[in-house]
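Participant: Please see the structure below; I have some questions.
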Amino acid sequence: MHTGEKPLKCSECNKAFRRHSTLCQHMKKHRGIRNHVCNICNKAFYEVSKLNAHMRVHTGEKPFECQFCTRKFTQLSALIYHRRTHTGEKPYCCKVCPAKFTTSSARNNHLLTHTGLKKFVCPVCLKGCSSRTELRVHSSKHTGEKLFGCETCSQRFSSASYLAVHRRSHNTEIKYHCNICDKGFTDSNAYKKHLKTHTKDKGTDNSTEVTQEVKINMDKEVSEIEQVDEQEDTQTQVTEAQGESAQKRYRCGLCVKSYTYLHSLKRHMLTHVQMCVYNTDVSEKMYAFK
């Protein structure tokens, strides 16, 4: 008959156990002994049961299914935590205040707020923070506030990690140079968009004010773009020959050409920039397109 008594206590943390074998297994955690190693990723575990559960990460097996939404999990503990999102169960109670939590880790984190170690408490989720700055960073997850700004372009982000990723965009190599003003670009789309700026002065006589050098350079740019258009036309013909649908939903407002993708149409519109240099009427249509 099971009385529920746990006479064996861990000398390190006072956790109690019924069986000596379970206590010995538990003591390995304090001694740092991890005998059970995954033969795929070499991650080590204290218990063989933990290793077996870990192996399902590699096999993709998810034997634990939620009866409320049919979502599946690799570990029973994950299913238990998930199931509480449906039932609203909060079995872990704070011993100091009435707060309740769905997981023990959330409860333990909350307990720190009563020790004075983390005296700044989030009013939304009750997470404790050790400083006002840490609390502000955490609270931004709830408010959507973007605290981290880029020094180069003033774009803002919600976390330092996102800012770090963004900063790398400013360090990329300049691959495209405008032959008209020698401005550099890292992105081809930004480069092509910039080309249009050289014909934006609609109130002037382009035929007299645009230099011959600009015309020559524009011809060169358009020639390269037309080559790409021809390649796309060939690919579309191959697709249609194979019996696949290639619906062309995007039609040019200046000629009869149409395209499957919007980015293809936008690239094609640049070919009309050449006409804008010489023809004001076409320029008006181009600006209407934008």
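Convert by adding 402 to the 1-based position in the sequence shown; the result is the number in the working numbering. By construction, the Cβ of each residue, glycine as well, lies at the ideal position given by its N, Cα and C atoms.
Can you tell me whether Arg509 is buried or exposed, with buried defined as 16 or more other CB within 10 angstroms of its CB?
Facilitator: Buried, since its Cβ has 16 or more Cβ neighbours within 10 Å.
Participant: At what residues does the alpha helix (DSSP H) containing Gln427 begin and finish?
Facilitator: Gln427 -> alpha helix (DSSP H) spans His422 to Arg433.
Participant: Can you name the residues that DSSP bridges to Tyr494?
Facilitator: Phe503, per the DSSP bridge assignment.
Participant: If you reduce the DSSP assignment to three classes, tell me which class Tyr661 lands in.
Facilitator: Strand.
Participant: For the region 439-449 and the region 412-425, state whether three or more C-beta atom pairs, one from each stretch, are separated by less than 8 Å.
Facilitator: The region 439-449, when compared against the region 412-425, does not touch it at the 8 Å Cβ threshold.
Participant: Could you tell me which of Cys495, Lys659, Cys499 and Leu453 sits nearest to Ser506, measuring between CA atoms?
Facilitator: When each option's Cα is compared against that of Ser506, the closest is Cys495.
Participant: Kindly provide the ranges of any alpha helix (DSSP H) runs that are 4 or more residues long and lie completely inside the region 436-467, ordered along the chain.
Facilitator: Counting whole runs of 4 or more residues, the region 436-467 contains the alpha helix (DSSP H) stretches 450-461.
Participant: According to DSSP, is Leu513 part of a helix, a strand, or is it coil?
Facilitator: Leu513: helix per DSSP, three-state reduction.
Participant: Would Arg558 and Lys543 be called neighbours here (beta carbons separated by less than 9 Å)?
Facilitator: Cβ distance not < 9 Å, so Arg558 and Lys543 don't count as in contact.
Participant: Around the C-beta of Lys529, are 16 or more other C-beta atoms found within 10 angstroms, so that it is buried, or is it exposed?
Facilitator: Lys529 should be labelled buried.
Participant: Tell me which same chain residues have a C-beta within less than 8 Å of the C-beta of Thr504, skipping the five on either side of it?
Facilitator: Counting only Cβ-Cβ distances below 8 Å, and skipping sequence neighbours, we find Tyr483, Arg486, Thr487, Glu491, Lys492, Pro493 and Tyr494.
Participant: Taking the continuous alpha helix (DSSP H) assigned at Arg485, which residues delimit it?
Facilitator: Taken as a continuous stretch (DSSP letters only), the alpha helix (DSSP H) holding Arg485 covers Leu478 to Thr489.
Participant: Kindly list the residues whose CB is nearer than 7 Å to the CB of His596, restricted to its own chain and excluding five residues on each side of it in sequence; keep chain order.
Facilitator: Around His596: Cys580, Lys585 and Phe587.
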